[in-house]
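As given, the protein sequences belong to chains A and R, one line each in that order. So the first sequence is residues 79 to 841, counted in our numbering. So the second sequence is residues 41 to 139, counted in our numbering. Data first, discussion second: the structure below is written as structure tokens.
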Amino acid sequence: MKHYWFLDNAWLIPLIPAISYFVILLFGKRFGERAAWIGLASIGSAWVLACGTVVQWISHVNASEHGGEPGGEHGAVETIRAFGRSIKLAAEGASAGGEGHASFVANPIIHSTTWFQNNGFKLDVGIHIDGLAVMMLFVVTTISLLVHFYSTEYLKGDRRFNHYFAALSLFSASMLFLVVASNTLQLLVGWELVGLCSFMLIGHWWEEKPNSNAALKAFLTTRTGDIGLLAGVIMTFFVVQRYTGTGSFDITQVNQAAIGLSLDGNSKSLLFWCAAALLLAIIGKSGQFPLHTWLPDAMAGPTPVSALIHAATMVVAGVYLGARVYPIFHEGLNIGDGGINLMAAVGGATLLVGAGLAFVQNDIKKVLAYSTISQLGYMVMGLGVGAWSAAIFHLFTHAFFKANLFLGAGSVSHSGAHHSFDMKNDMGGLRKFMPKTFATFMIGTAALIGVPLTAGFFSKDEILATASANEYTFFKYVGLLGAVMTAAYMTRCVYLTFFGEYRGGHADHGDAHDSHAAHTADGDDHGHDHGHAASNDHGHDANGGPHESNFPILGPLYFLSFMSIFAGWIFAPMLHHIFHWEIFEKFPLWVDPHVGSRGFPILEHPEFAWIDPILATAAGVVGVTLAYLFYWRKAYGQNITERNGALGAGKKLLVNKYYLDVLYTDVIVGATKGPIAQAAYWVNQNVIDNVLRYTGKGAAGAAKFVYKYIDQKGVDGIYNGSAAGTSALGGLSSKLQTGRLQYYALLVLFLLSAVAFAVVITN
Amino acid sequence: MMLNQFLLLSAFLFGTGIYGVITRKHTVLVLASIELMLVAVNINLVAFGATLNNAVGQVFALFVLAIAAAEVGVGLAIVLLIYRNLRSANPDDVNVLKG
């Protein structure tokens with residue numbers, strides 16, 4: 079049997095950036111700004127290893143497909159050792175239920191070692207490498223590498239430059255650790271580490287209050303979801319226990335147990351609650367409605383971090399969890415039945431909520447943040463309607479074009495708008511000053527709104543096509559509506575940033591900064607990268623005007639633009655329909671889990687029909703046209719929202735973010751805080767005060783009596799007598815009180831020894 | 041099972057700790073000696089837990105560790121205040137309560 083070195087040693091991939099974290103943290107001062115190159119080198123080597131896993135995984139799949147060894151001996155040996163009976167079932171299921179794509183078995187590569195054991199329970203830590211994990215390894219290391227490179231320029235001269243790169247390394251390491259996790263408990267550890275690192279990086283400029291507030295908000299909101307993760311992970315243990323008799327966190331076993339329990343027909347409620355708890359975790363981490371409110375605030379962090387969070391690490395962790403233990407969701411929420419289910423509903427709601435909010439943002443990063451929320455809604459909805467491959471594919475393409483857009487926004491702010499992100503006041507007309515950034519941003523936008531032949535077009539299309547094939551027609555139209563809105567708000571964003579007149583011509587650079595610092599204090603209308611200290615060091619900023627960025631910023635943009643177009647071509651049924659080249663349908667072959675129908679639900683890939691791309695394109699055209707008329711040509715006049723009541727009310731609702739923040743801080747926190755305080759006050763005023771008053775009066779009466787007869791005559795006599803006696807005794811014992819601590823210790827030692835001696839003798 | 045060796049080690053550490061507590065002329069070292077005694081106790085707990093195949097010993101050891109951490113915090117704070125007031129950390133100088 080062939081050994082796959084890169085797949086067997088995938089544990090190195092998270093390890094290298096983790097080492098880099100400690101090296102930068104401990105020795106960073108000695109290296110100065112060169113510390114960035116340690117981070118860059120570590121993530122670079124992780125990237126090389128990840129590419130190795132991609133190549134070897136593809137050859138592993140090909141070898142399995144072309145009848146190399148049925149069951150893939152290499153993986154099977156590992157699997158059989160881990161859990162005796164299940165693997166045979168998996169192989170049977172594969173041969174029985176083989177309709178086209180699921181007809182062969184390519185086992186995941188699993189290696190593990192004991193983490194700890196106690197009282198018969200053994201917990202492993204290890205790697206579980208399959209198509210999904212390999213795809214994620216590639217995406218995370220690629221985006222992280224580009225972000226590292228970009229940051230060397232973007233954060234030049236920052237006050238905590240080394241600290242930033244250390245945190246960036248740990249961030250990548252935790253996400254990679256989460257990706258390769260072989261059991262759900264290990265996944266939980268990676269998950270929490272990712273949350274911690276995002277907290278550190280969002281609050282990177284913590285000296286300013288809004289930034290540290292945003293970091294706290296991100297941490298606490300995702301923590302709400304983490305309660306669900308903890309409960310869900312514990313329940314996965316019992317899912318396996320119910321099925322096999324011994325509990326386990328192992329992902330393969332969890333998946334098989336979920337399918338098996340569902341086939342047996344009992345334990346539906348256990349599966350449902352497990353799925354619901356894990357869904358809560360996804361809602362918190364992946365910014366799903368109604369816990370999405372932290373994601374826009376997270377824009378307080380440096381822009382490259384936003385790109386990393388939105389494209390590759392933090393928020394996609396939730397989607398990854400959903401894909402990883404998909405059988406739990408599939409069986410627990412009855413995804414196979416069509417119609418409507420919890421997961422699809424959450425995704426669909428998020429999709430529309432996020433897109434709606436993107437219309438009223440003046441901050442370019444916030445537009446992109448809400449767009450991420452909306453796109454994550456697509457992914458979760460995709461998982462919810464049974465479009466597993468399409469959802470994962472959307473994660474894959476979204477990573478590239480969203481990173482492209484975020485880094486593009488960073489470039490605009492860094493070189494064109496004095497580190498501001500305010501589209502209305504500091505941008506406009508930048509097309510002329512920064513043609514290269516403009517071009518890459520337009521490509522990213524095209525991919526996001528799904529212009530035909532770009533990456534986003536194919537992935538979004540596949541989700542919608544699978545939704546209708548799986549009888550989720552309602553969600554197909556939700557998705558189309560989302561596509562219209564996406565096209566519209568991105569048109570607005572591009573118009574405000576790159577077209578029209580340049581509005582950022584503040585005469586005095588310093589003044590501009592001060593006024594923005596003041597703005598950030600009173601709300602989140604103006605997101606803002608606070609690289610002030612840094613910007614003073616920039617020789618070129620002295621020239622004032624907007625200009626094109628230099629290579630460390632543009633290089634990643636070029637690469638991401640390339641991927642924004644061509645990453646979609648490995649899963650393009652439309653192109654396959656026309657050209658019949660194999661490359662156009664490789665993604666499901668490489669990434670789908672080929673473990674048989676007892677290990678994973680059978681994934682359907684619908685036949686291509688022209689109606690889907692035509693509908694999606696039409697949605698995009700409608701969106702762009704509407705936005706063009708509304709924002710660009712001002713076809714309805716300047717201030718339509720002020721003149722039309724219904725539109726005005728809608729805008730007010732959106733500007734206030736559906737009042738969700740009000741709901742959380744004022745209603746929920748206020749409602750629990752206020753009544754408790756009032757109840758306590760009432761009890762204080764009426765109950766305790768009265769008790770005290772009457773007790774006091776009674777006591778005063780009693781006291782008079784006691785004083786006259788008992789105290790003066792009886793008690794005083796006793797006291798005077800005993801005081802004399804005590805004084806005499808005290809004089810004696812004060813001889814013992816030498817005031818020397820260690821003398822006391824010696825006394826205690828003697829006494830205890832005596833007691834111990836007595837105990838030993840009497841026994 | 042090597043229970044005896046563990047107990048001997050523990051007794052030795054405990055004795056060392058007591059000796060330190062009684063003789064050292066710096067309060068911080070007295071505190072450190074107390075830690076030594078706690079460690080000795082922990083070794084006993086874990087050793088007995090392992091011998092009796094019972095997790096309670098380990099759990100107790102964890103509790104002792106946690107409480108020892110708290111105790112050191114309080115202890116060092118007291119030492120600091122003593123030093124501020126008396127300009128000395130010698131336990132013999134702390135004799136205000138002398139009879």
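By construction, the Cβ of each residue, glycine as well, lies at the ideal position given by its N, Cα and C atoms. Predicted, not measured: the structure shown is a model, and the values here were computed from it.
Task: Where Leu829(A) falls, given that 16 or more other Cβ within 10 Å makes a residue buried - done: Position 751 of the first sequence holds residue 829(A). The residue is exposed, with fewer than 16 neighbouring Cβ atoms inside 10 Å.
Task: Where Ala129(R) meets chain A, residues with beta-carbon distance less than 8 angstroms - done: As a first step, residue 129(R) must be located in the second sequence, where it is residue number 89. Chain A residues near Ala129(R): none, gap ~12 angstroms exceeds 8 angstroms.
- [ ] Mind the definition here: the stretch 236–244 of chain A touches the stretch 217–224 of chain A only if three or more C-beta pairs lie below 8 angstroms; say whether that holds.
- [x] Below 8 angstroms, too few C-beta pairs join the stretch 236–244 of chain A and the stretch 217–224 of chain A to call them touching: fewer than three.
Task: Coil, strand or helix - Lys200(A) by DSSP - done: Taking the first sequence and counting its residues from 1, one reaches residue 200(A) at position 122. Correct three-state label for Lys200(A): strand.
- [ ] Could you give the DSSP three-state label for Asp500(A): helix, strand or coil?
- [x] For the purposes of this step, residue 500(A) is identified with residue 422 of the first sequence, where counting begins at 1. Of the three classes helix, strand and coil, the one that applies to Asp500(A) here is strand, per DSSP.
TODO: On the DSSP bridge assignment, give the partners of Gln195(A) in chain order.
DONE: Translated into positions along the first sequence, residue 195(A) becomes position 117. Partner(s): Lys200(A).
TODO: Confirm, please, whether the CB-CB distance from Trp372(A) to Thr299(A) is below 7 angstroms.
DONE: Start at 1 with the first residue of the first sequence, and residue 299(A) comes out as number 221. Start at 1 with the first residue of the first sequence, and residue 372(A) comes out as number 294. Contact annotation: Thr299(A) and Trp372(A) have beta-carbon atoms nearer than 7 angstroms.
Task: Interfacial residues, the stretch 803–826 of chain A to chain R, with Cβ spacing under 8 angstroms - done: Correct list: Ser811, Ser812, Lys813, Leu814, Gln815, Thr816, Gly817, Arg818, Leu819, Gln820, Ala823, Leu824.
- [ ] With DSSP as the reference, label His144(A) as helix, strand or coil.
- [x] The sequence position of residue 144(A) within the first sequence is 66, counting from 1. Coil.
Open item on the list: Please list, in chain order, the chain A residues whose beta carbon lies closer than 8 angstroms to that of Val61(R).
Closed with: Locating residue 61(R) in the second sequence gives position 21, where the first residue counts as 1. Simply Gln820, Ala823.
Task: Closer than 7 angstroms to chain A by CB, Asp133(R) - done: Counting from one through the second sequence, the residue named residue 133(R) turns up at place 93. Closer than 7 angstroms: no.
Open item on the list: Quick check on the DSSP output: the alpha helix (DSSP H) that includes Gly488(A) runs from which residue to which?
Closed with: By one-based count along the first sequence, residue 488(A) stands at place 410. Residues 466–489.
Task: Ala487(A) to Thr515(A) span [Cα, whole Å] - done: Along the first sequence, read from residue 1 onward, the residue named residue 487(A) stands at position 409. Along the first sequence, read from residue 1 onward, the residue named residue 515(A) stands at position 437. Taking the Cα positions, Ala487(A) is about 9 angstroms away from Thr515(A).
Task: In DSSP terms, what Asn261(A) is bridged to - done: Here the question's residue 261(A) lines up with position 183 in the first sequence. Asn261(A) is bridged by DSSP to Asp328(A).
- [ ] State the Cα-Cα distance for the pair Leu429(A) and Ile413(A), rounded to the nearest angstrom.
- [x] Counted from its first residue, the first sequence places residue 429(A) at position 351. Counted from its first residue, the first sequence places residue 413(A) at position 335. A straight-line Cα-Cα distance of about 19 angstroms links Leu429(A) and Ile413(A).
Open item on the list: Tell me whether the stretch 568–579 of chain A and the stretch 436–452 of chain A touch, counting them as touching only if at least three CB pairs, one residue from each stretch, are closer than 8 angstroms.
Closed with: Using a Cβ-Cβ distance cut-off of 8 angstroms, the stretch 568–579 of chain A and the stretch 436–452 of chain A are in contact, since at least three pairs of beta carbons, one from each stretch, lie closer than that value.
Open item on the list: Are the CB atoms of Phe577(A) and Ala650(A) within a distance shorter than 7 angstroms?
Closed with: As a position in the first sequence, residue 650(A) is number 572, starting the count at 1. As a position in the first sequence, residue 577(A) is number 499, starting the count at 1. Result no, Cβ atoms of Ala650(A) and Phe577(A) do not sit closer than 7 angstroms.
TODO: For Met392(A), count neighbouring Cβ atoms within 10 angstroms of its own Cβ and tell me buried if that reaches 16, exposed if not.
DONE: Reading the first sequence from its first residue, position 314 is the one you call residue 392(A). That one is buried.
Task: DSSP state of His206(A) mapped onto helix, strand, coil - done: In the first sequence, counting from the first residue as 1, residue 206(A) sits at position 128. Shown here, His206(A) sits in a strand according to DSSP, grouped into three states.
Open item on the list: Checking the sheet assignment: what are the DSSP bridge partners for Asp441(A)?
Closed with: Here residue 441(A) refers to the residue found at position 363 when the first sequence is read from its first residue. Residue pairing of Asp441(A) in beta bridges, as defined by DSSP: Asp500(A).
- [ ] Using the DSSP secondary-structure output, state which residues sit across from Ile187(A) in a beta bridge.
- [x] Taking the first sequence and counting its residues from 1, one reaches residue 187(A) at position 109. Ile187(A) is bridged to Ile207(A).
Open item on the list: Report the start-end ranges of each alpha helix (DSSP H) in the stretch 78–126 of chain R that is 4 residues or longer and not cut off at the edges.
Closed with: Counting whole runs of 4 or more residues, the stretch 78–126 of chain R contains the alpha helix (DSSP H) stretches 96–126.
TODO: Could you round the C-beta distance between Thr324(A) and Ala335(A) to whole angstroms and report it? I think they count as a contact, below 8 angstroms.
DONE: In the first sequence, counting from the first residue as 1, residue 324(A) sits at position 246. In the first sequence, counting from the first residue as 1, residue 335(A) sits at position 257. Between Thr324(A) and Ala335(A), the beta carbon gap of about 11 angstroms keeps them out of contact (Cβ cut-off 8 angstroms).
Task: Contacts that Ile118(R) makes with chain B (C-beta to C-beta distance below 7 angstroms) - done: Protein chains A and R are contained in the structure displayed, whereas chain B is not.
Open item on the list: Can you list, in chain order, the residues of its chain with a C-beta nearer than 6 angstroms to that of Asp539(A)? Leave out the 5 residues immediately preceding and following it.
Closed with: Taking the first sequence and counting its residues from 1, one reaches residue 539(A) at position 461. So the list reads Asp690, Pro691, Ala694, once near-sequence residues are dropped.
TODO: Answer yes or no: do Met379(A) and Ile280(A) have a C-beta to C-beta separation smaller than 7 angstroms?
DONE: Your numbering for residue 379(A) matches position 301 in the first sequence. Your numbering for residue 280(A) matches position 202 in the first sequence. Note that residue 379(A) is Gly in the sequence shown, not Met. Yes, the Cβ-Cβ distance between Gly379(A) and Ile280(A) is below 7 angstroms.
Open item on the list: Check for me: the alpha helix (DSSP H) holding Asn289(A) runs from which residue to which?
Closed with: One-based indexing of the first sequence puts residue 289(A) at position 211. Residue range 287–322 is occupied by the alpha helix (DSSP H) that includes Asn289(A).
Open item on the list: Here's the rule: buried if 16 or more other CB atoms are within 10 angstroms of the residue's CB, otherwise exposed. What is Tyr797(A)?
Closed with: On the first sequence, residue 797(A) is found 719 positions in, with the first residue counted as 1. Label assigned to Tyr797(A): exposed.
Task: Opening and closing residue of the alpha helix (DSSP H) in which Val424(A) lies - done: Here residue 424(A) refers to the residue found at position 346 when the first sequence is read from its first residue. Counting along the chain, the alpha helix (DSSP H) containing Val424(A) begins and ends at 420–436.
Task: The alpha helix (DSSP H) enclosing Glu540(A), as first and last residue numbers - done: Stepping through the first sequence from its first residue, residue 540(A) is reached at position 462. Note, Glu540(A): alpha helix (DSSP H), 533–547.
Task: Where Trp83(A) falls, given that 16 or more other Cβ within 10 Å makes a residue buried - done: The count along the first sequence starts at 1 and reaches residue 83(A) at position 5. Exposed, since its Cβ has fewer than 16 Cβ neighbours within 10 Å.
- [ ] Name, please, each residue of chain A whose Cβ falls closer than 8 angstroms to the Cβ of Val136(R).
- [x] The count along the second sequence starts at 1 and reaches residue 136(R) at position 96. Within 8 angstroms Cβ-Cβ: Gly817.
- [ ] Whole angstroms is fine: what's the gap from Gly852(A)'s alpha carbon to Leu411(A)'s?
- [x] The shown model of chain A, from 79 to 841, leaves out residue 852(A), and the question about it has no answer.
Task: DSSP-derived helix/strand/coil call for Glu663(A) - done: Your numbering for residue 663(A) matches position 585 in the first sequence. Looking at Glu663(A) - three-state DSSP - the assignment turns out to be strand.
Open item on the list: Are there any heavy atoms of the ligand NAD lying less than 6 angstroms away from the beta-carbon of Ser627(A), as far as the coordinates show?
Closed with: Judged by which ligands are present, the structure shown has none, so any question about the ligand NAD falls away.
TODO: Return helix, strand or coil for Phe629(A), following the three-state DSSP convention.
DONE: Translated into the one-based positions of the first sequence, residue 629(A) becomes position 551. Helix at Phe629(A).
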